[in-house]
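Q: My questions will all concern the structure given below.
There are 2 protein chains.
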Amino acid sequence: MSELRQDPTTYDWVIIAKERAKRPHEFMKHEPTASSLLSYSKECPFCPGNEDRTPGATAVYGPPEKWEIRVVPNKYSALTPGGDTQREEWKLFRKIQGYGMHEVVIETPLHNVCIPFMDDSHVEKLIAVYRDRYNELKKDPNIKVIIIFKNHGRAAGTSLEHPHTQIVASPIVPPFIRRRYEIATQHFDNTGHCLYCDILYNEFEAGERIIMDNKFFVALHPFASHYPFETWIMPKVHSSSFGKITDIEITDLARLLKEILLKQHVSLDNPDYNLIIHTSPVDDEHKTYYLWHIQIIPRLTLAAGFELGSGIYINTAVPEETAAFMREFRLKEQSTA
Amino acid sequence: MSELRQDPTTYDWVIIAKERAKRPHEFMKHEPTASSLLSYSKECPFCPGNEDRTPGATAVYGPPEKWEIRVVPNKYSALTPGGDTQREEWKLFRKIQGYGMHEVVIETPLHNVCIPFMDDSHVEKLIAVYRDRYNELKKDPNIKVIIIFKNHGRAAGTSLEHPHTQIVASPIVPPFIRRRYEIATQHFDNTGHCLYCDILYNEFEAGERIIMDNKFFVALHPFASHYPFETWIMPKVHSSSFGKITDIEITDLARLLKEILLKQHVSLDNPDYNLIIHTSPVDDEHKTYYLWHIQIIPRLTLAAGFELGSGIYINTAVPEETAAFMREFRLKEQSTA
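Protein chains in written order, with my numbering: chain Y, 1 to 337; chain A, 1001 to 1337.
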């Protein structure tokens, strides 16, 4: 019999299809991807030498003649600066201008080196760039929420192979984010604790969904995981805003993120995935109710009519099993070459 | 500049990417699908002669020796009868047994005849079967919500070609549905009107997003359409529950649904799509706050990290343009053959 589990952070329900569940190794791609990408592609707008094919850089890191990380406005920005954020209403229809910022972080000059294969120090720099951009973008008083995310592979919604991250600064707090924040606030009002920190204590006590941890971070598959191999990386030291991450925490996060993504890359054969940094709305980040965290969603299954019509997700993997699989998965030296 | 529009039924925001928007015809598939399916497939578990490859039928319509529509339990049910709906809690983790029903409506004995190509009378019978099953399933007092949906094509989450619809009877009201219902209730408390009926009045006044209507139903592309070519079919006569649809209304719905799906099939070259019947929770269907309606979501784009991390959807089509395209699209006789 399947099981309905409630996500304590959203109150959403997930059907864990225990009998139908595939075993972890069954999620590996049937046709392994050839690692055929070269380190440079003449056609790629993000490769060095093609800098004129993106809008002018907002920030460049590393020596100017040989940049290491480059931040540019998205050429096809969903939101753009200018205009205002006044609501316009006609009857029941409300809208505002598409005010905001939409940036692309070109993670490396190398076309074929994604996070698991970068040097530790480069991943640290990359996370520090995320932090820098977050703190820069939030200076605009119209900006209410900043979403940092990665789309890796076609099934995750990108057609550009070159490793990149996107940052959207939004003038509204969407209900999706407001709701998570309100549930955390209610938990704080009831208990005096951060909901996510309490979940983390519970997860350590249960043990079975933890994959690995280091001094400042933990990786786990959540209890009411919506997707097979959905992974959360959570700080052990309470902090509501990603923008406040310290350099010493970044060192730990870089190592954990690299290892989690490497395990995922090798064990599931480079699955397409989305990575999202969840953090509190800008106006609330001085409060202690929320815990920023990273969510990684491998795109191994599709949301169908049931999910789109009910918001209930059917997960055909059991998070305790996928977490054990990842925890026990050993990386061989040759796999990482 | 893009535009942020708020969905008045969920308060979700959608970015209508006006400048990036593709023109309606650009959503047509690049490689037209060959209509190569035969009317019978030996391997198909839903084709006549293979009835032993599904669980025993729950209901059979038409003469027993030559069924017209067949309802069976889903062989891979997400929820199953038996057990109970007691919450079990350990710390912050709450779950219940996967109690419920999950049925498949095999829409026709013919492997290759989907709704737009069925006789009007067959589509009427099919909708009447949905109604029958809805009213049968709701008799179980543990059932709180019934979701009727279709997955058409691989990108919509199905691998079975034979035309079929699914019905899930759920023991919980998920927040996704509760939230829609509460927003409608709040509107009723404020105004004394049904939110959806008010939206319909507004849409008729605006005119630009209506595709077609008949005596009892309207088809339109909603103001804050989340997906390119997202279509709603709404009753003109207020009714909170799909289970109460009358025979005379079914006649009109069948014609409208057929024509909308045929226009979609021909103009976009048989896109994969999901169809969902939204209706009020079972315990609330005697109240007048909600309007049941059908949502059709062509799967032309993918939700990526931004959508999954913010709940804000980027729609690369302008609903006024896609509605005009569909309104003006003329079906030629040969296209429907």
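Yeah, the Cβ is synthetic: ideal placement off N, Cα and C, and Gly gets one too.
Mind checking who PHE1217/A pairs with in its DSSP beta bridge?
A: BP columns for PHE1217/A point to PRO1235/A.
Q: Going by beta carbon distance, what residues of the same chain come within less than 6 Å of LYS215/Y, once the five residues before and after it are set aside?
A: Counting only Cβ-Cβ distances below 6 Å, and skipping sequence neighbours, we find ASP252.
Q: Contact criterion: CB-CB distance below 7 Å. Does GLU1003/A meet it with respect to chain Y?
A: Answer yes: the Cβ-Cβ gap between GLU1003/A and chain Y drops below 7 Å somewhere.
Q: Let me know the alpha helix (DSSP H) ranges lying completely inside the segment 1231–1287 of chain A, each 4 residues or longer, listed in chain order.
A: List check, alpha helix (DSSP H) in window: 1247–1267.
Q: Okay, do the segment 191–205 of chain Y and the segment 140–156 of chain Y touch, 3+ Cβ pairs below 8 Å being the bar?
A: Touching, no, given that fewer than three Cβ pairs across the two stretches are closer than 8 Å.
Q: Rounded to the nearest angstrom, what separates HIS102/Y and ILE143/Y at their Cα positions?
A: Their backbone Cα atoms lie some 12 Å apart in a straight line.
Q: Could you compute how far the alpha carbon of ILE211/Y sits from the alpha carbon of ALA1155/A?
A: Computed Cα separation, rounded: 32 Å.
Q: Excluding the 5 residues preceding and the 5 following LEU1097/A in the sequence, name in chain order all residues of the same chain whose CB lies nearer than 6 Å to its CB.
A: Correcting the residue type first, residue 1097/A is Gln in the shown sequence and not Leu. Excluding positions up to five away in sequence, the list reads GLY1083.
Q: Is the beta carbon of ALA1184/A closer than 7 Å to that of TYR1099/A?
A: No. Outside cutoff.
Q: At which residues does the alpha helix (DSSP H) containing ASN1135/A begin and terminate?
A: Counting along the chain, the alpha helix (DSSP H) containing ASN1135/A begins and ends at 1120–1137.
Q: Kindly indicate if chain A contains any beta-carbon less than 7 Å away from that of ALA78/Y.
A: By this cut-off, ALA78/Y is an interface position.
Q: Shorter than 7 Å from the beta carbon of ALA17/Y to some beta carbon of chain A?
A: Chain A, which has a Cβ nearer than 7 Å to the Cβ of ALA17/Y, makes this yes.
Q: Any Cβ of chain A within less than 7 Å of the Cβ of ASN274/Y?
A: True, the Cβ-Cβ gap to chain A drops below 7 Å.
Q: Taking 7 Å as the threshold (beta carbon to beta carbon), is LEU1308/A in contact with chain Y?
A: By this cut-off, LEU1308/A is an interface position.
Q: Within the chosen definition, does the segment 321–330 of chain Y reach the segment 1187–1196 of chain A through at least 3 CB pairs nearer than 8 Å?
A: Output reads no: the segment 1187–1196 of chain A does not touch the segment 321–330 of chain Y.
Q: State yes or no: is the beta carbon of ASP213/Y nearer than 7 Å to at least one beta carbon in chain A?
A: Output row for ASP213/Y: interface = no.
Q: The alpha helix (DSSP H) that contains SER1036/A, what's its start and end?
A: From DSSP, SER1036/A is part of no alpha helix (DSSP H); its letter is neither H nor E.
Q: What are the complete beta strand (DSSP E) segments, minimum 3 residues, inside the segment 1153–1201 of chain A?
A: Counting only runs of 3 or more, we get 1164–1170.
Q: Report all residues from its chain with a CB closer than 7 Å to the CB of PRO55/Y; omit the five preceding and five following residues, and keep chain order.
A: So the qualifying residues of the chain are VAL72, PRO73 and LYS75.
Q: By alpha-carbon positions, which one of LYS258/Y, PRO174/Y and GLN186/Y ends up nearest to SER1310/A?
A: Among LYS258/Y, PRO174/Y and GLN186/Y, the Cα nearest to that of SER1310/A belongs to PRO174/Y.
Q: Using a beta-carbon distance below 7 Å, is ASP284/Y in contact with chain A?
A: No, its Cβ sits nowhere closer than 7 Å to a Cβ of chain A.
Q: With ALA343/Y as the anchor, note down where its beta strand (DSSP E) starts and where it stops.
A: As displayed, chain Y neither begins before 1 nor continues past 337, which places residue 343/Y out of reach and without an answer.
Q: For VAL1014/A, I'd like the list of residues in its chain whose CB is within less than 6 Å of its CB, leaving aside the five on either flank, ordered along the chain.
A: These residues qualify, in order along the chain: ARG1005, ALA1224, HIS1226, TYR1313 and ASN1315.
Q: Select from THR1080/A, THR1085/A and VAL1105/A the residue whose C-alpha is nearest the C-alpha of TRP1067/A.
A: For TRP1067/A, the nearest C-alpha among the options comes from VAL1105/A.
Q: Does the distance from the CB of ALA17/Y to the CB of ALA1078/A come in under 7 Å?
A: Cβ distance < 7 Å, so ALA17/Y and ALA1078/A count as in contact.
Q: Report the neighbours of ARG20/Y on chain A: residues whose CB is nearer than 9 Å to its CB, in chain order.
A: Within chain A, the residues near ARG20/Y are TYR1076, SER1077 and ALA1078.
Q: For ALA337/Y, decide whether its Cβ has a neighbour in chain A, counting only Cβ atoms nearer than 7 Å.
A: At ALA337/Y the pLDDT is 39, less than 50, meaning the model places this residue with poor confidence; the figure from the coordinates comes in the next sentence. Not an interface residue.
Q: Could you give the DSSP three-state label for LEU1004/A: helix, strand or coil?
A: Strand, per DSSP.
Q: Distance check for PRO64/Y and ASP132/Y, CA to CA, integer angstroms please.
A: C-alpha separation (whole angstroms): 18 Å.
Q: Quick check: what's the CA-CA separation for GLN1166/A versus TYR1130/A?
A: GLN1166/A and TYR1130/A: Cα-Cα distance of roughly 9 Å.
Q: Does any residue of chain A have a CB that is nearer than 7 Å to the CB of ASN135/Y?
A: With 7 Å as the cut-off, ASN135/Y does not count as an interface residue toward chain A.
Q: Taking SER241/Y as the query, report the chain A residues whose CB atoms sit under 7 Å from its CB, ordered along the chain.
A: Neighbours of SER241/Y on chain A: none; closest Cβ ~15 Å, over 7 Å.
Q: On the CB-based measure, 16 or more other CB atoms within 10 Å of its CB, does PRO141/Y come out buried or exposed?
A: That one is exposed.
Q: Hey, does VAL1072/A have any beta-carbon neighbour from chain Y nearer than 7 Å?
A: Cβ-Cβ to chain Y under 7 Å: no for VAL1072/A.
Q: With a CB to CB cut of under 8 Å and the five nearest residues on each side skipped, what residues in its chain are close to ARG94/Y?
A: Result list for ARG94/Y: ARG87 and GLU88, in chain order.
Q: Provide the residue(s) that pair with TYR313/Y in DSSP beta bridges, ordered along the chain.
A: In DSSP, TYR313/Y forms a bridge with VAL14/Y.
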